[in-house]
Structures are given as C-alpha cells and as structure tokens.
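Input: a single structure, listed below in structure tokens.
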Amino acid sequence: MGDAVPFPASGPSSLEDLMVKLCSNDVEEKREAARSFRNLAKSSSSNRLCIGQIGAIPRLIALLYSPDTQTQTHSVTALFNLTLRNEQNKDAIACDKGIDAIVQVLINGEIEARENSAALLCNLARSEAYHEVLCGEDLFIGLVGVLRDGSQRGKRDAAAAMYTLLRNRRNRVSAVRAGAVNALLDIAGNGETGLVDESLAVLVNLAGYRDGRREIQSPYGLQCLLDLIKHGSDSNKEFASALLLLLCQHSLSALSALRALCAREPFVALSIRGTDRACRKATKMLELLSSV
C-alpha cells in the first residue's frame, strides 16, 4: 500500500498495520482498528488526510454493516471525524453506498452511532453538491428518530441536518411523511431542551409545503405555538408568530381555530411589547383575526 505513514510513538507503527486489522476476519481486530482510526482522525488534519489517502474510507463504510455494535459506532464516528475540514474525504464518503450505509446506522444503530450518523449527515449536508444523494424517506425517518430519542447534542445535529436538507424542496415531502412535524413540535413545546428556536426554524421551512402546514395547524400544533407567543423568549415569539401568520394566510380553518383559542389577547400583548419583527407579525395577525 505504498510507503508507511508513521504515527506518534504511542500509536501503531504505520497506517498499514491498522489497515491489515481493518480487513481482518477477527472481530476484535476490526473493532480495535476502527477505534484507532476514530481517535487518529479526531486528533489532526494531517491524520485525516493520510487516512483518506490510504483507502480506509471504503473499509470503514463497509463496517457500518457490522453486527458488532461497537465496531459500527467506532466506524461511523471515524467517518464523521474524517469529514472535519476535509472535502476530499467528504467526496469519498458521499457515494451512494456511503449514504445508504450511514442511513441504515441512523435508523438501526445504537443511540451513540445514530447520533454520530446525524452529525455526519449534518456535515455532508453543508455542501450542496451532495444534496441530490442526501434524500429519501428513510433518511428522514432516521433523523426523526434522533429528534425523539437523542441527547441534546444529537437532537441539535438532527435538526441542523434536516434544516439544511430542506433546501431541496423535494425533501419536504419525505420529512413530513417521516413524522418530522410532531417530533419538532414536541421539542418546541419543551423549553428544557434548549432547542426551541432550532425546531421552529425547521417548522417554518416545512410550512412552505401544503402537507407540512396541514400537520402544523393541528390542535396540538396551534396550542404549542400560541403558548410560545405567551411565554416564549423573544426569538421564540418571532418564529411562532411568523409560523402562525403563514398558516393563517393559507388556511381559514387555522384562523378559525386560533379565534376559538382566544388568540387575540396574546397577539395584542405581542404587538405592544414584542421585538420589531414580532410586532409586525402580531399586527398582521390581529388584522386577520379581526376580519370577517
């Protein structure tokens, strides 16, 4: 495999040693090699460059199908680390087989592996070059699962990946069908997550799609957004008022439902004490609520 690339004295003598282990039939050797690549890829940009050049990425992608959960977790995390400030490694990972493998971990892996898959997809999604392959209902089913089950970091990465991928309008359909709306509303309604604005930003994007609006304007969704108008932070109120205005501009039923929820009073308060942006939205909402 060419000249050996030396590592620090505390590590293995060369990348070739790790590649041999990565290709071994021994489960423990594969696990150890994946863990080593994970740590080395995290430690420096030069390591990430060398690991990519030696051809480890296809082997790590193959190990995403490993029945050994630790090997799978180490492998997907190594791939995530390899994408840090390295576009060549992103290109190598974002092949069709790479995305398919990441998505199956996102859906079926242990929670750490699922969260790191979401983080990896978030990194890849930052480049529009990969948006054509970062699509499909399974991908969004996986992201929704992390929104529901993940840690705060995992939820944040899943929301960020979803927000970026929704630039591709076709992905809105997949996201709604995967159950994204209710998962995002659950986060928006729980201030303890620290992710209210992030979830609302994704919901605003989904509200640009008819079926997305239909799900957001459920009784649960309208009450959640109205509660944020009453009790949320300034930025929460800006997002929530923008969402409610968009819903009511497209749906008389949403407007009628808000009237039934006595929405006028909180919007009056918002028009007086809100930020400039929120005041403008509140004023427009009051005009709609007062219309026949």
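Heads up: the sequence shown begins at 1 in full-length UniProt numbering, then just goes up one per residue. Using N, Cα and C, we set each Cβ at its ideal position, and we do this for glycine too.
Coil, strand or helix - residue i by DSSP
i: residue 133; result: coil
i: residue 54; result: coil
i: residue 148; result: helix
i: residue 83; result: coil
i: residue 164; result: helix
i: residue 5; result: Confidence at residue 5 is low in this model, with a pLDDT of 42, below 50, so the placement of that residue should be treated as unreliable; the coordinate-derived value is given next. The answer is coil: DSSP assigns residue 5 none of H, G, I, E or B.
i: residue 261; result: coil
i: residue 169; result: coil
i: residue 207; result: coil
i: residue 100; result: helix
i: residue 94; result: coil
i: residue 67; result: coil
i: residue 44; result: coil
Straight-line Cα distance separating residue j from residue i
i: residue 102; j: residue 224; result: 33 Å
i: residue 254; j: residue 240; result: 14 Å
i: residue 124; j: residue 264; result: 43 Å
i: residue 21; j: residue 234; result: 54 Å
i: residue 129; j: residue 262; result: 47 Å
i: residue 84; j: residue 45; result: 8 Å
i: residue 24; j: residue 36; result: 15 Å
i: residue 179; j: residue 139; result: 12 Å
i: residue 82; j: residue 33; result: 15 Å
i: residue 168; j: residue 231; result: 33 Å
i: residue 208; j: residue 62; result: 38 Å
i: residue 19; j: residue 56; result: 7 Å
i: residue 269; j: residue 245; result: 16 Å
i: residue 283; j: residue 243; result: 14 Å
i: residue 153; j: residue 219; result: 29 Å
i: residue 189; j: residue 80; result: 30 Å
i: residue 286; j: residue 214; result: 21 Å
The alpha helix (DSSP H) enclosing residue i, as first and last residue numbers
i: residue 22; result: 15 to 22
i: residue 114; result: 111 to 125
i: residue 223; result: 219 to 231
i: residue 210; result: 210 to 216
i: residue 26; result: It is not in any alpha helix (DSSP H) - residue 26 carries neither H nor E in the DSSP assignment.
i: residue 242; result: 234 to 250
i: residue 290; result: 276 to 290
If we require 4 or more residues per run, which alpha helix (DSSP H) segments fall completely within the region 176 to 204? 180 to 188
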